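For what it's worth, my numbering labels the leading residue of the sequence shown as 4, then goes sequentially.
Beta carbons: idealized from backbone N, C-alpha and C, even for Gly.
Since the model is a prediction, treat every value here as computed from it, not as a measurement.
Report on one structure; see the data block that follows.
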Amino acid sequence: MNILVCIKQVLAAAVRVFPDADTRWIRSDSDEYVMNRFDEFAVEAALQLREALSDGRVDVISVGPERAEAVIRRALGMGADDGIHIITKTCGPIPPAVTAALMAASVRNRNYDLILTGVMSEDDMNAQVGPAMAEMLDLPCATAVIQIERRGISTVYVEREMEGGMRDALEIRLPALLSVQSGAHPPRYPSLSRMLRANRRPIETIPSTDLGMTAPDIHVVRTAFPGKTRAGYFLEGSASEKAAQLLKIFQARSLMR
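Written out as structure tokens, the structure is:
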């Protein structure tokens, strides 16, 4: 079973970011980048499938500037077989439709049985790349997947996370595309020996211009910190008076009868 995992490089969660009026995007006080957390779950799910089947390969693909090579090498250190890097010149936001189109164009004729993505990226949180890529490749798609099992030659069984703790169980024919939610696939740490091999391993690079990347149809108008929309209340008086005031607040907000 040949599996492709789409991964993204994002700023580390602890890095502080600030709106940048010049670029209409953000700037940060650090250059610490990591693999998108949901993509780590997708890589782990792919590796577990390969191990369960004792067959096939796991490749990873990423769209981004030259620094995005680091997350590809991390995936190789986790156990992926090969990496594909679609190199872009921009370090700013790339619309999800453009990212999906670039990856779809690069893998259309590679005959992957299964393509996995994270359910969303931690920075943009669009959750669009996976479904858009599935549409472009004419593949069946399921989102927010938390469990994957190979059943038979041409199908996979998946469970999706639903509202209220419910699960949606599906059987999907291959080839297919699944976006993976955090669930039964806690990502493994790359071993030192694998990371040493990964750092020496050649990565296939494809300039985005070779894939016909055009100007995006979506542009960032501005970025800003969210405004404060909540005010605090200071209750005064004795304990019984404060309790009465609090009760009135709850009743006014329909939090209790």
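In the three-state scheme derived from DSSP, where H, G and I count as helix and E and B as strand, G155 is classed as coil. Here the alpha carbons of R256 and S211 stand approximately 53 Å from one another. With a cutoff of 8 Å on beta-carbon distance, I90 and E69 are scored as near each other. Bounds of the beta strand (DSSP E) holding I64 are 60-67. Distances from the CA of F21 to each of T226, F253, Q248, L238 were compared; the closest alpha carbon is that of T226. Secondary structure of Q51 (DSSP, three-state): helix.
Around the beta carbon of I156, a 10 Å sphere encloses fewer than 16 other beta carbons of the protein chains shown; the residue is thus reported as exposed. Where V37 is concerned, the enclosing beta strand (DSSP E) starts and stops at 36-38. Straight-line measurement puts the Cα of Q184 at about 16 Å from the Cα of D127.
Counting only unbroken stretches of 4 or more residues, the alpha helix (DSSP H) elements lying wholly within the stretch 77-120 are 99-110, in sequence order. Residue burial is scored here from C-beta neighbours: V132 has at least 16 other C-beta atoms within 10 angstroms and is therefore classed as buried. Burial state of Q12 is buried, judged by a 10 Å Cβ sphere holding 16 or more other Cβ atoms. Sequence-distant partners of P134 (beyond 5 residues in either direction) whose C-beta falls short of 6 Å from its own C-beta, in its chain, are C144. DSSP, read as helix, strand or coil, puts L177 in coil.
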